[in-house]
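Q: One structure, as structure tokens, below. Some questions next.
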Amino acid sequence: MENNGKTYWGTVLGLLTKILIIWFLVSFGAGILFAPALNSISLGGYPLGFWFAHQGSIYIFIALIFYYAKKMGDIDRQFDVHEE
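With the numbering used here applied, the sequence shown corresponds to residues 1 to 84, in that order.
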């Protein structure tokens, strides 16, 4: 059982790491670091860097919440620790 617990938490931490990397790239990367490069592209009449900083990142964050909930449900079922 101990090994199964370590595998479970390793899987959960792997998922969290991926989500946090995406979160960082979208919020800090697209909104600040890569904004000058992205501003050469226009989306809805606005520079893409501006759009990501003000609106696009929110859409990505909401998608990440739903993705996390779905994947955690899958992981919980895989390790048989899900709720009925």
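No residue lacks a Cβ here, since even glycine has one placed at the ideal position from N, Cα and C.
Would you call Leu13 buried or exposed, if buried means 16 or more other Cβ atoms sit within 10 Å of its Cβ?
A: Stepping through the sequence shown from its first residue, residue 13 is reached at position 13. So Leu13 counts as exposed.
Q: For the segment 71-84 against the segment 34-42, are there 3 or more C-beta pairs whose distance is under 8 Å?
A: Taking 8 Å as the limit for Cβ pairs, the verdict is that the segment 34-42 does not touch the segment 71-84.
Q: Is the beta carbon of Leu64 closer than 8 Å to that of Trp9?
A: As a first step, residue 9 must be located in the sequence shown, where it is residue number 9. As a first step, residue 64 must be located in the sequence shown, where it is residue number 64. Contact flag unset, no.
Q: Beta carbon of Gly49, beta carbon of Phe34: below 8 Å?
A: As a position in the sequence shown, residue 49 is number 49, starting the count at 1. As a position in the sequence shown, residue 34 is number 34, starting the count at 1. Yes, these two residues count as a Cβ contact at 8 Å.
Q: Does DSSP put Ser40 in a helix, in a strand, or in coil?
A: Position 40 of the sequence shown, counted from the first residue, corresponds to residue 40. Three-state DSSP puts Ser40 in coil, outside helix and strand.
Q: Quick check on Ala69: buried or exposed, where buried means 16 or more other Cβ atoms within 10 Å of its Cβ?
A: Stepping through the sequence shown from its first residue, residue 69 is reached at position 69. Flag for Ala69 reads exposed.
Q: For the segment 2-59, list the alpha helix (DSSP H) runs that are entirely contained and at least 4 residues long, ordered along the chain.
A: Runs found: 2-24, 35-38 and 48-51.
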